[in-house]
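Worksheet: the structure to be examined is printed underneath.
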């Protein structure tokens, strides 16, 4: 067993170690910019998931990864990302994203997170 402790001088999700960990799963920054070695990190992660799923097929809960747009500015940035990198991501409107991300929606239909749409990441075409 290998145990790793990561100490970060900022709060979770504010950069630093959170950004590094996020880059292993998602090649785009929260603003939709391609991060340094982001595609290589994603391919390595997909390779590791492929190996893991050959041993335990239920280890992957959803086949896609999403980056949510929470503001109008974020919508614009992520739509531009989808236009620049159509081989890696697709823009999804609010209704489509809501349908695909069911766990984020409460039983009454009220959203826990107020998103306006988002990117669906693909492994490349």
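Numbering (the working numbering), first residue to last: 25 to 149. Backbone N, C-alpha and C define an ideal beta-carbon position, used for all residues, glycine too.
| Which of helix, strand or coil does DSSP assign to residue 64? | helix
| request: Helix, strand or coil for residue 94, going by three-state DSSP, please let me know. | output: coil
| field | residue 121 burial status per 10 Å Cβ neighbour count (16 or more: buried) | value | buried
| Can we say the region 94-102 touches the region 50-65, given the rule of at least three CB pairs closer than 8 Å? | yes
| query | Between residue 149 and the rest of its own chain, which residues show a CB-CB distance below 6 Å, the 5 nearest in sequence each way excluded? | reply | The pLDDT assigned to residue 149 is 39, lower than 50, so where the model puts this residue is not dependable, and the model offers no usable value.
| field | residue 143 beta carbon less than 7 Å from that of residue 91 | value | yes
| What residues match up with residue 89 in a beta bridge as DSSP calls it? | 145
| field | Strand pairing of residue 116, partner residues [DSSP] | value | For residue 116, which the question treats as bridged, DSSP gives the partners 142.
| Within this structure, are the beta carbons of residue 145 and residue 125 separated by less than 7 Å? | no
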